[in-house]
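Novice:
There are 2 protein chains.
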Amino acid sequence: MATARRPDRDPTRPVYVISVAATLVSAHPRTLRIYEEEGLVCPARTPSNIRLYSEEDIRRILWIRHLTQDRGVNLAGVRALFELEERLGMRILEALYDEGTRRRDEEQPGESGVPIAQDDDQPHG
Amino acid sequence: MATARRPDRDPTRPVYVISVAATLVSAHPRTLRIYEEEGLVCPARTPSNIRLYSEEDIRRILWIRHLTQDRGVNLAGVRALFELEERLGMRILEALYDEGTRRRDEEQPGESGVPIAQDDDQPHG
DNA sequence: CATGTCTTGACAACATGATTGATAGGGTTC
DNA sequence: GAACCCTATCAATCATGTTGTCAAGACATG
Numbered sequence: 136m137a138t139a140r141r142p143d144r145d146p147t148r149p150v151y152v153i154s155v156a157a158t159l160v161s162a163h164p165r166t167l168r169i170y171e172e173e174g175l176v177c178p179a180r181t182p183s184n185i186r187l188y189s190e191e192d193i194r195r196i197l198w199i200r201h202l203t204q205d206r207g208v209n210l211a212g213v214r215a216l217f218e219l220e221e222r223l224g225m226r227i228l229e230a231l232y233d234e235g236t237r238r239r240d241e242e243q244p245g246e247s248g249v250p251i252a253q254d255d256d257q258p259h260g
Numbered sequence: 136m137a138t139a140r141r142p143d144r145d146p147t148r149p150v151y152v153i154s155v156a157a158t159l160v161s162a163h164p165r166t167l168r169i170y171e172e173e174g175l176v177c178p179a180r181t182p183s184n185i186r187l188y189s190e191e192d193i194r195r196i197l198w199i200r201h202l203t204q205d206r207g208v209n210l211a212g213v214r215a216l217f218e219l220e221e222r223l224g225m226r227i228l229e230a231l232y233d234e235g236t237r238r239r240d241e242e243q244p245g246e247s248g249v250p251i252a253q254d255d256d257q258p259h260g
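Chains as they are written, first to last, in the numbering used here: chain R, 136 to 260; chain S, 136 to 260.
1) In chain order, what residues of the same chain have a beta carbon less than 7 Å from the beta carbon of residue 213 of chain S, not counting five sequence neighbours either side?
2) Taking Cβ positions only, does residue 208 of chain R come closer than 8 Å to chain S?
3) Name, please, each residue of chain S whose Cβ falls closer than 9 Å to the Cβ of residue 173 of chain R.
4) Can you tell which of R:168, R:178, R:161 has its C-alpha closest to the C-alpha of residue 147 of chain R?
5) On the three-state DSSP scale, how would you describe residue 214 of chain R?
6) Can you round the beta-carbon distance between residue 150 of chain S and residue 189 of chain S to whole angstroms, since I take them to be within the 8 Å contact cut?
7) Reducing DSSP to helix, strand and coil, say where residue 179 of chain R ends up.
8) Compare the C-beta of residue 200 of chain R against all C-beta atoms of chain S and say whether one is closer than 8 Å.
9) Are the region 214–232 of chain S and the region 212–226 of chain R touching by the rule of at least three beta carbon pairs closer than 8 Å?
10) At what residues does the alpha helix (DSSP H) containing residue 155 of chain R begin and finish?
11) Is the Cβ-Cβ distance between residue 227 of chain S and residue 196 of chain R less than 8 Å?
12) On the criterion of 16 or more Cβ atoms from any shown chain inside 10 Å, does residue 185 of chain R qualify as buried, or is it exposed?
13) At least one CB of chain S closer than 8 Å to the CB of residue 238 of chain R: is that the case?
14) Can you tell me where the alpha helix (DSSP H) with residue 199 of chain R in it begins and where it stops?
15) Counting only Cβ-Cβ distances shorter than 7 Å, please list the residues of the region 220–234 of chain S near chain R, keeping chain order.
16) Name the chain S residues that come within less than 8 Å of residue 197 of chain R, Cβ to Cβ?
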């Protein structure tokens, strides 16, 4: 019945509830709600209004985490960067992530050079 | 003796000492020194180590003021945006400034759509 | 039905950051 | 010599980011 091959792995498909998503990105659920309030992420909702985050949402959040935690950019700066990327219609964030890595010959299968989540012990020590 | 025509108006020519520059951008001299410490601006120096800001420096500072004061971006975000612009080799900041203005048919003579300084009453009330 | 997880909303603690201010000791310019 | 500059430090103020908690309610699954 698989339409393409593995529709379960569609990166846009909403799958994670907020507690799971928070664990994936090593943040507090409260923080993810704030990101949504700030308009930085727009997770889907179930008919009963439950947030469901897709893989793309997770990647977007990981970008926010990278910019805020590693680079010290505040949410207003993240918004400006996202807005810039959207207006220019190109993946400018990638160029920003080539910080210590300079440039690698080939890209990882992670479609857009997003920082990968290494699951920490405690999301919110 | 004018080489081209009016070399005095070369936008890269260092002319303003820090007190004058601070007045031009409506900020405290202390703030301008912080911008320099953060690597956001690099004014020229006289042989006796006195800072001299050029028109381009002023425009750059006005960008910082716009991003920080009007958009709430912190200095780390400003650095990310400048770094991005430098890596991409294009004026992406312009696209960011078209916020409420969308796009105007013609550009003002101000070479790069930089927010103009309207001199306030008190730089640091 | 009971339990657990979700929802929004509010309040607060804590640390960090941005900006301005003041001070000290010394150099530069007029 | 007065007024400006330099570096460096300390501090006050205000805003922000993150986490935490509490409340009252809706929903899903056992």
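Backbone N, C-alpha and C fix where the C-beta goes; we use that ideal spot for every residue, glycine too.
Specialist: Reading from the atomic positions:
1) Translated into the one-based positions of the second sequence, residue 213 of chain S becomes position 78. Hits under 7 Å: 175, 199, 202, 203.
2) Against the first sequence, residue 208 of chain R aligns to sequence position 73. Yes, its Cβ sits closer than 8 Å to a Cβ of chain S.
3) As a working note, residue 173 of chain R is residue 38 in the first sequence. Going along chain S, no residue has its Cβ under 9 Å from residue 173 of chain R, so there is no contact; the nearest lies around 11 Å.
4) Counting from 1 along the first sequence, the entry for residue 147 of chain R is found at position 12. For the residues R:168, R:178, R:161, the minimum Cα distance to residue 147 of chain R belongs to R:178.
5) Position 79 of the first sequence, counting from 1, holds the residue named residue 214 of chain R. Correct three-state label for residue 214 of chain R: helix.
6) As a position in the second sequence, residue 150 of chain S is number 15, starting the count at 1. As a position in the second sequence, residue 189 of chain S is number 54, starting the count at 1. At roughly 6 Å, the Cβ-Cβ gap stays under 8 Å, so residue 150 of chain S and residue 189 of chain S are in contact.
7) Position 44 of the first sequence, counted from the first residue, corresponds to residue 179 of chain R. In the structure shown, residue 179 of chain R sits in a strand (DSSP, three-state: E or B).
8) Position 65 of the first sequence, counted from the start, is the residue given in the question as residue 200 of chain R. With 8 Å as the cut-off, residue 200 of chain R does not count as an interface residue toward chain S.
9) yes
10) Counted from its first residue, the first sequence places residue 155 of chain R at position 20. Start and end: 153–159.
11) Your numbering for residue 227 of chain S matches position 92 in the second sequence. Your numbering for residue 196 of chain R matches position 61 in the first sequence. Against a cut-off of 8 Å, the Cβ pair of residue 196 of chain R and residue 227 of chain S comes out as no contact.
12) Working through the first sequence from its first residue, we reach residue 185 of chain R at position 50. So residue 185 of chain R ends up on the exposed side.
13) Stepping through the first sequence from its first residue, residue 238 of chain R is reached at position 103. Because the pLDDT of residue 238 of chain R is 35, which lies under 50, any placement of that residue in the model is unreliable, and the question is left without a value.
14) The count along the first sequence starts at 1 and reaches residue 199 of chain R at position 64. Run containing residue 199 of chain R: 190–200, per the alpha helix (DSSP H) assignment.
15) 222, 223, 227, 230, 231
16) Mapped onto the first sequence, residue 197 of chain R falls at position 62. Under the 8 Å cutoff, chain S gives no residues; its nearest Cβ is about 16 Å from residue 197 of chain R.
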